[in-house]
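For the record, the sequence lines run as chains A and B.
First residue of the first sequence? That's 1 in the UniProt record's numbering, and the numbers climb one at a time after it.
First residue of the second sequence? That's 1 in the UniProt record's numbering, and the numbers climb one at a time after it.
Note that beta-carbon positions come from the ideal geometry of N, C-alpha and C, so glycine has one too.
Number of protein chains: 2
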Amino acid sequence: MALKVCKFGGTSLASAEQFRKVATIALADDDRKIVVVSAPGKRNKPDTKVTDLLIAFAEAKLGGSGAEAVQQSILDRFAGIIEGLELPREEFETIATLLKSRGEGNRNHRARYIDSIKALGEEFSARLLAAFLRKEGHDFIYVDPKEAGLVLSDEPGNAQVLPESYELLRPLRDSAHRIIFPGFYGYAKNGNLVAFPRGGSDITGAILAAAVHADVYENFTDVDNVFAADPRIVEKPAAIHEMTYAEMRELSYAGFSVLHDEALQPAFNAKIPVHIRNTNNPESRGTLISLERSNHELPVVGVAGSSDFCAIFLSKYLMNREKGFGRRLLQIIEDADLSYEHTPSGIDHISVIIKESTFTPEVEKQVLERIRTELQPDKLIVQRGIALIMIVGDGMSKQIGVAKRATGALSDHGVNLEMINQGASESSIMFGIQSGDMNKAIVALHDAFFNT
Amino acid sequence: MALKVCKFGGTSLASAEQFRKVATIALADDDRKIVVVSAPGKRNKPDTKVTDLLIAFAEAKLGGSGAEAVQQSILDRFAGIIEGLELPREEFETIATLLKSRGEGNRNHRARYIDSIKALGEEFSARLLAAFLRKEGHDFIYVDPKEAGLVLSDEPGNAQVLPESYELLRPLRDSAHRIIFPGFYGYAKNGNLVAFPRGGSDITGAILAAAVHADVYENFTDVDNVFAADPRIVEKPAAIHEMTYAEMRELSYAGFSVLHDEALQPAFNAKIPVHIRNTNNPESRGTLISLERSNHELPVVGVAGSSDFCAIFLSKYLMNREKGFGRRLLQIIEDADLSYEHTPSGIDHISVIIKESTFTPEVEKQVLERIRTELQPDKLIVQRGIALIMIVGDGMSKQIGVAKRATGALSDHGVNLEMINQGASESSIMFGIQSGDMNKAIVALHDAFFNT
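Below, the structure is given as structure tokens:
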């Protein structure tokens, strides 16, 4: 018998109807032993996520006004779900009591207090799903992260899993019952509740999958699969049914918003396949993300872009004879607490590409001043408004003609290439272009590789 | 009246017949006020350059045997030139006396002694050319670099010009006579003769051109012009009649052997155009190298390659979050006294490209060990046998379709691209390929841009 850990995102638990879908999916496969849940998300576009309501509630309690109204909204959301699931009135009482008492908790440490409140969304989701499944006659229990041993660093809102958690959580594998586990939070060694950063429920699921050596980590969301490009930019982008961890990571970095690749890291590290699936269409094939993919016909699995970049360009005659030039340049960047993305270079030129948002006018002034003084370039220019486009595909460097197709498509659509970067053994090619050309470039590249 | 500095290379002075060509060229234009000469070069393929004979003579004197025979070969070469130029017998006596007395000089400092001997080739060339022109009734004088003020750093075989030389040499501009100046050497402040590194006569000409503010530096060699690719690789490569300093430099770096770009640096710095011309075909248009070129139709002026490269490839999950990762890697490279060429990178990967000849097994062991210990990469691979191909052209980054043509040509010829590097505002694109594909790639790229 295989062992599966499933995680359901916020839209999968937005309403009683969605809860029922989750229950159906959980019950459809006896291997789904551990189910991780998010807080109820949006039911429709103008709706508010329960987590955001909880944060607003916490802020109101901290600020001193409006808390009552927000509290009522939160309770209304859960009342609706409880009613729709035909759960007994006591379930609501439990939730209302927990919310009120937690709201009266210690408010001395602002971030810690907010964590303690916002984590209630996941806790309530998990409690209600377990109650519903039990009511329907199935052996599911709610498991508390503290009791289970999900031990995190004591960093409110930005907690990291501690290595001992994996050993502590392992016995869940042999639990006599099937488990409903709240995502997004755990406990520091001092007993404080602490929440993960964004993508927190994905992290919880990935940690559990790794701890119990799951055969697969099923990540249920609201899309049928990962697409080869952003559907907001490309009309009907190609569906991608298989990709590797490395490809996922490159795409996530390049602007893909389906998943936080870092959230999945515990599963990747443990080499557990991650299966992206759709709660609203569980029959669809989904996207399987694993160490290697079986289908090698696709040289490229995705195209993504991000437009918030700028380049510091330096030229200096005989730069390549000056040992340490590049290293000293990167030291200046590092001293300014900047991260850089790439450093494409020629014989007498080097560009350092950084996120434009981090390169404020003050930082720019200070960095350029040091570069001028310490490196004495002949030319020093800052180019703003750069977009980086990546095409991603494992082993593309072993396939002839990928660069040709990509540069041909960009040229045919009138996109001027300012920079190109492809490193040895890499699974991506990066193109630097003007921000204004970004969407045109993504469409051109998607069509070149997927509409053939 | 314009002022021109001309320099003639070794093949231009290989025989009396060549000396006469040089004299004719010098006399054809009154603006050619300063003529810099190399030592007599090869008359034919199996011949030996006078400079190599002089070095062999110095080595024999230092080693103690065979000096007589080499001395005779040297004197024979000059006897032939003197006879062919119908110069009086005294010219030969002067040369023979100078060679013998210099041969008996101080041999305590080996490199210094070799410099003092090998510089005689240029000195004799200059003395004989001046004597010939005077005999023919023209007002040319031989100028000694020491008297003229060509002051160099005291580094035998690798001397560098000292800044004061430019002021000291400037009065040559107003000399009452036209000047023949020996290339390749000057004098240290302590009075010692010291020679430039390779390309030394080109350096002397460039320094003189800068010192006297010449309108052009005419560099006479034995080719009609610079070619768009190496004629040993590409059959009938395109002739390039105009290029910029930056383009010349990129091509020279990438493997072009026509000129040493560093030798021309003094002229480039002073913004003096360098005109490459052919002594054997002075009517040909040549190649004008200057700050900017007037012809902007050619996006690419040349294709060159070099095959002595290897890449250190590292991958590490979340590398881009580790501030200072790239800088620490370059520090390790620098500590091993290695220069690197490029560092193409992806999100979790970086490659450092270095000259393979400098990356010996011992250096490799030490560098990889430090990388493993200090950077803990997930993967660390050294790829050897890499060729770097460059296509060069100012402003190519502003022209759409250059990358398309290049990658298309490579793909169509079955060349797999391992790396691509094009930085912002650059005048080149670099392609990393397998060494075995180098010539094929150069032919493909040349044909793509020049046979259209």
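Beta-carbon contacts of residue i that lie in its chain and below 6 Å, excluding the five residues immediately before and after
i: residue 355 of chain B; result: 308
i: residue 305 of chain B; result: 255, 387, 389, 438, 442
i: residue 285 of chain A; result: 241
i: residue 60 of chain B; result: 66, 67, 70
Those residues which DSSP pairs with residue i across a bridge
i: residue 275 of chain A; result: A/218, A/288
i: residue 316 of chain B; result: The partner list for residue 316 of chain B (beta bridge, DSSP) is empty, contrary to what the question assumes.
i: residue 179 of chain B; result: B/34, B/141
i: residue 184 of chain B; result: Bridge partners of residue 184 of chain B: none, in fact.
i: residue 379 of chain B; result: B/315
i: residue 243 of chain A; result: A/289
i: residue 306 of chain B; result: B/388
i: residue 8 of chain B; result: B/37, B/220
i: residue 28 of chain A; result: Answer by DSSP bridge pairing: none, since residue 28 of chain A is not bridged.
i: residue 195 of chain A; result: A/185
i: residue 268 of chain B; result: The partner list for residue 268 of chain B (beta bridge, DSSP) is empty, contrary to what the question assumes.
i: residue 227 of chain B; result: B/239
Contacts of residue i in chain A (Cβ-Cβ under 7 Å)
i: residue 327 of chain B; result: 327, 330, 331, 334
i: residue 324 of chain B; result: 334
8 Å Cβ shell around residue i - same chain, five flanking residues per side excluded
i: residue 165 of chain A; result: 149, 150, 151, 152, 186, 207, 211
i: residue 340 of chain A; result: 330, 333, 352, 353, 354
i: residue 29 of chain A; result: 4
i: residue 463 of chain A; result: Beyond the ends of chain A as shown, which are 1 and 452, falls residue 463 of chain A; an answer cannot be given.
i: residue 31 of chain B; result: 1, 2, 3, 4, 215
i: residue 92 of chain B; result: 75, 78, 79, 82
i: residue 231 of chain A; result: 237
Same chain only: Cβ atoms within 7 Å of residue i, ignoring 5 sequence neighbours per side
i: residue 122 of chain B; result: 37, 38, 39, 182, 183, 184, 185, 201
i: residue 274 of chain A; result: 217, 219, 264, 267, 289
i: residue 381 of chain B; result: 313
i: residue 370 of chain B; result: 332
i: residue 132 of chain A; result: 19, 23, 85, 87
i: residue 310 of chain B; result: 354, 356, 359, 382, 383, 384, 386
i: residue 111 of chain A; result: 156, 157
Per-residue contacts from residue i into chain B (C-beta, under 8 Å)
i: residue 453 of chain A; result: In this structure chain A extends from 1 to 452, so residue 453 of chain A is not present and cannot be described.
i: residue 106 of chain A; result: Neighbours of residue 106 of chain A on chain B: none; closest Cβ ~33 Å, over 8 Å.
i: residue 253 of chain A; result: 320, 347
i: residue 339 of chain A; result: 320, 321, 323
Amino acids of chain A, ordered along the chain, whose beta-carbon sits closer than 9 Å to that of residue i
i: residue 446 of chain B; result: Ordered by position in chain A, no residue passes the 9 Å Cβ test against residue 446 of chain B, which lies about 17 Å from the chain.
Contacts that residue i makes with chain B (C-beta to C-beta distance below 9 Å)
i: residue 435 of chain A; result: Going along chain B, no residue has its Cβ under 9 Å from residue 435 of chain A, so there is no contact; the nearest lies around 14 Å.
i: residue 411 of chain A; result: 400, 401, 402, 403, 404, 405
**Asked** Going along the chain, which residues of the region 141 to 170 of chain B sit with their C-beta nearer than 8 Å to a C-beta in chain A?
**Response** none
**Prompt:** In chain order, what residues of the region 394 to 408 of chain B put their CB closer than 9 Å to some CB of chain A?
**Reply:** 397, 398, 399, 400, 401, 402, 403, 404, 405, 406, 407, 408
**Members of the region 239 to 250 of chain A that neighbour chain B once the beta carbon cut-off is set at 8 Å** = 246, 249, 250
**Prompt:** the region 69 to 81 of chain B: which residues have C-beta closer than 7 Å to a C-beta of chain A, in chain order?
**Reply:** none
**Prompt:** Using Cβ-Cβ distances below 8 Å, what residues of the region 180 to 202 of chain B are close to chain A?
**Reply:** none
**Message:** For the region 342 to 370 of chain A, list every residue whose C-beta sits within 9 Å of some C-beta in chain B, in sequence order.
**Reply:** 342, 343, 344, 345, 346, 347, 348, 349, 350, 351, 353
**Message:** Give me the subset of the region 287 to 309 of chain B whose CB atoms are less than 7 Å from a CB atom of chain A, sorted by chain position.
**Reply:** none
**Prompt:** Unbroken beta strand (DSSP E) runs of length 3 or more, entirely within the region 95 to 175 of chain A: which are they?
**Reply:** 140 to 142
**Complete beta strand (DSSP E) runs within the UniProt domain "ACT" (391 to 452) of chain A (minimum length 3 residues, chain order)** = 419 to 422, 428 to 434
**Request:** Go through the region 43 to 102 of chain B residue by residue and report every complete run of the alpha helix (DSSP H) that reaches 4 residues or more, in order.
**Result:** 50 to 63, 67 to 84
**Message:** Just to confirm the assignment: which complete alpha helix (DSSP H) runs, minimum length 4, are found wholly within the region 323 to 364 of chain B?
**Reply:** 325 to 335
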